[in-house]
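Visitor:
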Amino acid sequence: MFHINRRVSLCESYILSTALMKTCYWACILSQVFIFILLVLIFNISGILLLLLVGLEIVIANKLISKLSEVYNRIQPILAIREQLIFLLESNNLFISSSEGAVVRSVVLDFSIDEEYIVVYAHVMGDNFSNKVSELDVYLSACLNLNLEQKLKSPSFTKYIFRRYPEKRISWEETLKTTRITISDSVGFQLGSPPHVLLAGSTKSGKTVMIENLVAQYLTLGAEIKLLDPKNGDLSWLVGKKLEDRLGYKVVYNSPFQISGALREAVLEMNRRFQIMADNPDIYVSKGKVLSWADVKGNYPLVVVLDEGIAFKTEAETFKEGKQAYQEAMSNLGSLLVKSRQASIEVIIGLQRASSDFIPTYMRQNFGVALLLGSTTADSDSCRMMFSSQEIDYKTCGIGEGYCQIDGVLPTPKFVETPFKSDELDFEAYFDEACDRYMRMRNERN
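Position 322 of the sequence shown, counting from 1, maps to 322 under UniProt numbering, and the rest follow consecutively.
This is the structure we're talking about:
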């Protein structure tokens with residue numbers, strides 16, 4: 001198959017076009033019909049022989065049209081995008097011409113296309129168009145009639161990523177039907193790969209709703225849950241109390257002393273698991289690999305959720321004993337973030353802003369999943385604190401929308417729409433189902 005030039009520049013000439021492709025397509029079909037008629041007339045074919053020939057012609061024509069359509073459908077979108085980008089360069093005067101009218105310099109674009117995405121690379125050439133190529137998002141969106149999903153800047157080019165078809169926003173109910181932790185329709189990760197979730201977002205960003213959904217997802221995998229909620233808010237009353245009633249163990253921790261105690265218990269549990277693993281290498285070492293705690297039948301993950309960590313700090317620092325409890329809690333939290341992966345203990349922290357006021361830099365670096373929701377994405381400082389990549393042009397997001405980065409899965413932050421919680425959702429029934437799946441998972445693994 002011949003190669004279609006996917007570089008767009010007004011300094012280049014192109015032979016193939018969508019019009020020429022369409023002409024060739026119909027010319028091939030009509031020529032096939034013409035040849036058939038010509039053969040019938042020349043050899044004076046009639047009767048049964050004519051019927052046989054008509055049947056043969058139908059078979060041949062069907063195969064020809066099928067093959068032509070396959071080639072046409074593969075090439076036509078590439079040519080259409082190339083022509084749209086040529087029009088963009090021409091209509092926005094992104095070229096320089098000589099006094100004779102010949103184009104002597106032009107913005108250079110490359111593009112790629114697959115089943116999901118169209119990616120356009122606008123090259124920085126060091127000329128008078130260098131600033132303009134990094135600001136083509138509005139023009140490209142209008143030209144391709146697609147919403148920009150991501151924009152990445154580098155010294156040599158700006159990369160514009162467009163999703164060809166809108167991503168389906170999944171519902172809360174759908175997240176219970178998978179064995180991976182789901183962030184959006186196309187973004188997710190396996191339990192422990194990587195560990196720990198840092199979730200930030202301002203009020204009305206959808207942060208607490210996402211935490212509630214994550215709790216339900218971890219439940220379906222058989223995980224034990226500890227909810228550390230210093231605000232004693234929705235997470236405690238709507239989710240925590242429900243889980244305590246159904247699961248029969250303490251789930252909710254509110255006061256600074258309770259939170260500090262819960263983190264201490266988690267560290268003790270981590271050390272207990274490590275000791276059991278060390279005492280049983282025949283069970284926890286397989287094929288030259290050390291298994292994690294939950295990889296062994298009969299063992300389960302533990303998930304520690306801390307919502308609004310800054311509220312924990314604020315309340316704890318109002319009295320001396322509280323300060324001591326806070327310091328112990330942060331020390332234990334650091335130990336969990338650094339060491340607990342092999343013990344199948346995961347930490348989820350929800351914050352309005354991931355600043356060093358609560359999460360020091362060394363702790364932030366141990367979160368495998370970073371999710372920033374809502375209008376906070378318009379704040380460059382918030383994005384810098386959450387993500388390693390600063391080359392992305394972050395757009396302001398609505399409720400339940402944001403950017404996600406996952407170690408080993410998404411090397412750069414990607415725009416996501418988190419699972420949708422419908423007004424018609426029966427919250428009680430939803431968590432009943434999550435608890436039922438929790439019980440079923442535990443019974444299956446025992």
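Every residue gets a Cβ at the ideal spot worked out from N, C-alpha and C, and that includes glycine.
Here the structure is a predicted model, which means the values were calculated and not measured.
1. Could you check whether the segment 352-366 touches the segment 213-227, counting it as contact only if at least three pairs of C-beta atoms, one from each stretch, sit closer than 8 Å?
2. To the nearest angstrom, how far is the alpha carbon of Q324 from that of G309?
3. Can you tell me where the beta strand (DSSP E) holding S112 begins and where it ends?
4. What does DSSP give as the partner residue(s) for Q190 in the beta ladder?
5. Could you check whether G201 and L372 sit closer than 8 Å to each other, using their CB atoms as the reference points?
6. From the DSSP output, read off the bridge partner residues of Y253.
7. Find out if the Cβ-Cβ distance for the pair T412, K395 is shorter than 8 Å.
8. Name the residue from L337, D426, E135 whose alpha carbon lies nearest to the alpha carbon of L198.
9. Grab me the residues of S98's own chain with a C-beta within less than 7 Å of its C-beta, minus the 5 sequence neighbours each way, in chain order.
10. Exposed or buried, which one is M439 when buried takes at least 16 other CB atoms within 10 Å?
11. Just verifying my parser: in three-state terms, what is the DSSP assignment at S106?
12. Are M385 and S422 closer than 8 Å when you measure CB to CB?
13. Compare the Cα-Cα distances from P195 to each of L56, R180, G206, V209 and report the closest residue.
14. Look at the alpha carbon of I276 and the alpha carbon of F189, and state the distance between them as a whole number of angstroms.
15. Looking at the structure shown, is L214 part of a helix, part of a strand, or coil, going by DSSP?
16. Which class does residue 456 belong to by DSSP, given the choice of helix, strand or coil?
17. Report yes or no: do the segment 299-316 and the segment 220-230 share at least 3 C-beta pairs separated by less than 8 Å?
18. List the whole-angstrom C-beta distance separating Q76 from T18, where the pair is believed to meet the contact cut-off of C-beta under 8 Å.
19. Nearest CA to the CA of L10: which residue from I65, I81, L88?
20. Reducing DSSP to helix, strand and coil, say where T158 ends up.
21. Using DSSP's beta-bridge definition, name the partner residues of L306.
22. With the cut-off set at 8 Å, would you say residue 484 and V209 are in Cβ contact?
23. Taking the C-alpha atoms as reference points, what is the distance between L176 and E428?
Guide: On the basis of the supplied data:
1. no
2. 16 Å
3. 109-113
4. S193
5. yes
6. L228
7. no
8. L337
9. V104
10. exposed
11. strand
12. no
13. R180
14. 27 Å
15. helix
16. Nothing in the structure corresponds to residue 456, since the chain is present only between 1 and 446.
17. yes
18. 6 Å
19. L88
20. strand
21. L228, I349
22. Residue 484 lies beyond the residue range present for the chain, which begins at 1 and ends at 446; the question has no answer from this structure.
23. 14 Å
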